[in-house]
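Residue numbers (my numbering), protein chains in the order written: chain A, 18 to 234; chain B, 4 to 200. Beta carbons: idealized from backbone N, C-alpha and C, even for Gly.
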């Protein structure tokens, strides 16, 4: 509530008030409009200069990181370990889970997205689409209540983009997707349109997206 | 060619606790420098070759580990011939080869996550103020990012070649360093976002 973010004397976000209750929320806006900074607040990667972010009443950073997953644009920067199973276990180790529960959760998430064959593969040898799916699996394995995606399909080809969109559709968690790709978010429940660090449009996709397209002309 | 960081297997060496392998590596490396002479190199060499055989590793794994150091070894050999003699040059290079192969034997039979656990165990008795988890993760990230930095270098080299700047070292190094630092920033954010304290 009332969130502002200032960087080097410039307000990147100005007094943002937003309650996220819908299941699928899209965030659109031009480059530098503040949408990525907004997304990074959810997981505590970005700290507000003023105002608070809270999830189910808790605004503690540790709780935000525990319950909000974040999928970055470039999976190469998100994957920490050289073997897929090891990387999926990384977040679970931080949660102090037992070896057997860690293994069960990894098997479950790989099976869910038909990625079991990648379990013992080297992450640097995966295709771009596979890497992005592993990045998503690495977040899902921690069973977050909410997942934030920062331009997740930018580096994907059409086939992988469709596959990734299908995976997004299957998620039961609340998802917030920052994207320039309007196809990705056009059927979402709610769209937020950012401009100059403020929300200038908030509502169902059709009017907000057409307003955004008009603002570009 | 990408470097294989780990070779899957179920040998005794694969199953040995990482901390034991790290301590053994430290002992072998130290002995090579403290116990001078061909006998110590020969014994260490036999141990390392036996380790490769025991772990089911092939000669190509050994060669792949030595290849990146090839030019440096040739340079050391040449300098040692110049300042000493061929026998001493062979001795120095043989010692480095055994060292590299011993280190490779540990990394090829230890998963990065096990390596992290091993370093953490090795640091168990370090003072409170030593950031054990951070040191362990930093070492593992070094291994993980060798292929990534290599691919960034290839991309930058190709881009500079397209601009006719393939022989310009500054044009190669500046983008490489900038991109590597930027990647490091993003990776630290990603690690943070995955509940690492």
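Please confirm if the stretch 80 to 93 of chain B is in contact with the stretch 19 to 36 of chain B, defined as three or more CB-CB distances below 8 Å between the two stretches. The stretch 80 to 93 of chain B is not in contact with the stretch 19 to 36 of chain B.
Here's the rule: buried if 16 or more other CB atoms are within 10 angstroms of the residue's CB, otherwise exposed. What is residue 68 of chain B? The residue in question, residue 68 of chain B, is buried, as its Cβ has 16 or more Cβ neighbours within 10 Å.
At 7 Å on the CB atoms, spell out the chain A contacts of residue 183 of chain B, in chain order. Simply none; closest approach about 11 Å.
For the stretch 42 to 61 of chain B, list every residue whose C-beta sits within 8 Å of some C-beta in chain A, in sequence order. Contact residues of the stretch 42 to 61 of chain B toward chain A are absent (C-beta to C-beta distance below 8 Å).
Could you tell me which chain A residues have their CB closer than 8 Å to the CB of residue 146 of chain B, listed as they occur along the chain? Ordered by position in chain A, the residues that pass the 8 Å Cβ test against residue 146 of chain B are 99.
According to DSSP, is residue 142 of chain B helix, strand or coil? Residue 142 of chain B: helix per DSSP, three-state reduction.
Interface flag, residue 103 of chain A vs chain D, CB-CB below 8 Å: As a matter of chain content, chain D is missing from the structure shown, whose protein chains are A and B.
Residues bridged to residue 24 of chain A (per DSSP): Paired residues: A:27.
Can you give me, in chain order, the residues of the stretch 107 to 119 of chain A that have a beta carbon less than 7 Å from any beta carbon in chain B? For the stretch 107 to 119 of chain A, residues whose beta-carbon sits nearer than 7 Å to a beta-carbon of chain B comprise 107, 108, 111, 112.
Terminal residues of the beta strand (DSSP E) in which residue 85 of chain A lies: Run containing residue 85 of chain A: 85 to 88, per the beta strand (DSSP E) assignment.
So residue 146 of chain A packs on residue 95 of chain A, CB below 8 Å; how close in whole Å? Not confirmed; about 14 Å, so no contact.
Checking the sheet assignment: what are the DSSP bridge partners for residue 210 of chain A? Beta-bridge pairing links residue 210 of chain A to A:45, A:218.
Helix, strand or coil at residue 67 of chain A according to DSSP, with G and I counted as helix: In this structure, residue 67 of chain A counts as strand in the three-state DSSP scheme.
Are the C-beta of residue 62 of chain A and some C-beta of chain B separated by less than 8 Å? It does; some Cβ of chain B falls within 8 Å.
Chain A residues whose Cβ lies nearer than 7 Å to that of residue 199 of chain B: Correct list: 111.
Against residue 134 of chain A, what residues of chain B qualify as contacts under a CB-to-CB distance less than 9 Å, listed in chain order? Chain B residues near residue 134 of chain A: none, gap ~14 Å exceeds 9 Å.
Report yes or no: do the stretch 152 to 167 of chain A and the stretch 107 to 115 of chain A share at least 3 C-beta pairs separated by less than 8 Å? By the Cβ test, the stretch 152 to 167 of chain A is in contact with the stretch 107 to 115 of chain A, since at least three Cβ pairs between them sit closer than 8 Å.
Residues of chain B with CB closer than 7 Å to the CB of residue 137 of chain A, please, in chain order. 11, listed in chain order.
Ignore the nearest five residues each way along the sequence and tell me which others in residue 40 of chain B's own chain have a CB closer than 6 Å to its CB. Same-chain partners within the cutoff: there are none.
Helix or strand or just coil, what does DSSP make of residue 163 of chain A? Correct three-state label for residue 163 of chain A: strand.
Is the distance from the Cβ of residue 16 of chain B to the Cβ of residue 115 of chain B below 8 Å? It is not a contact, given that the beta carbons lie outside the stated cut-off.
Just verifying my parser: in three-state terms, what is the DSSP assignment at residue 57 of chain B? Reduced to three states, the DSSP call for residue 57 of chain B is helix.
Using a Cβ-Cβ cut-off of less than 8 Å, give me the residues of the stretch 162 to 192 of chain A that come near chain B, in sequence order. Correct list: empty, as no residue qualifies.
Quick check: is the beta carbon of residue 124 of chain A nearer than 8 Å to any beta carbon in chain B? Closer than 8 Å to the CB of residue 124 of chain A there is not a single CB belonging to chain B.
Are the beta-carbon atoms of residue 123 of chain B and residue 135 of chain B separated by less than 8 Å? Yes.
For a cutoff of 8 Å on Cβ pairs, would you count residue 93 of chain A as touching chain B? Residue-level contact check: residue 93 of chain A touches chain B, since one or more beta carbons of chain B fall below 8 Å from its beta carbon.
Note down, in chain order, every chain A residue with its Cβ under 8 Å from the Cβ of residue 16 of chain B. Simply none; closest approach about 17 Å.
DSSP state of residue 37 of chain A, grouped into three classes? Note: residue 37 of chain A maps to coil in three-state DSSP.
Which runs of the beta strand (DSSP E) fall wholly inside the stretch 81 to 148 of chain A and span at least 3 residues, in chain order? For the stretch 81 to 148 of chain A, whole beta strand (DSSP E) runs of length 3 or above, ordered along the chain, are 85 to 88.
For residue 89 of chain A, return the contacting residues in chain B, with the cut-off set at a CB-CB distance below 9 Å. In chain order, 189, 192, 193, 196 make up the part of chain B whose C-beta sits under 9 Å from the C-beta of residue 89 of chain A.
List the residues of chain A that residue 151 of chain B touches, going by C-beta distances under 8 Å, in chain order. Going along chain A in sequence order, the residues near residue 151 of chain B (Cβ under 8 Å) are 93, 141.
Keeping to the same chain, check which residues put their C-beta closer than 8 Å to that of residue 144 of chain B; ignore five residues upstream and five downstream. If the five residues before and after residue 144 of chain B are omitted, its C-beta is found closer than 8 Å to the C-beta atoms of 190, all from its own chain and listed in chain order.
Return the first residue and the last residue of the alpha helix (DSSP H) that residue 202 of chain A is part of. Segment 199 to 202, the alpha helix (DSSP H) holding residue 202 of chain A.
Taking a Cβ distance cut-off of 7 Å, strictly less, list which residues of the stretch 91 to 124 of chain B are near chain A, in chain order. Taking 7 Å as the Cβ-Cβ cut-off against chain A, the residues of the stretch 91 to 124 of chain B that qualify are 114, 115, 116.
Sequence-distant residues of the same chain with beta carbon closer than 6 Å to residue 229 of chain A, five excluded per side: Cβ within range, chain order: 45, 210.
Checking 8 Å against the spacing of the C-beta atoms, do residue 95 of chain B and residue 79 of chain B come in under that value? Yes, Cβ-Cβ distance for residue 95 of chain B and residue 79 of chain B is below 8 Å.
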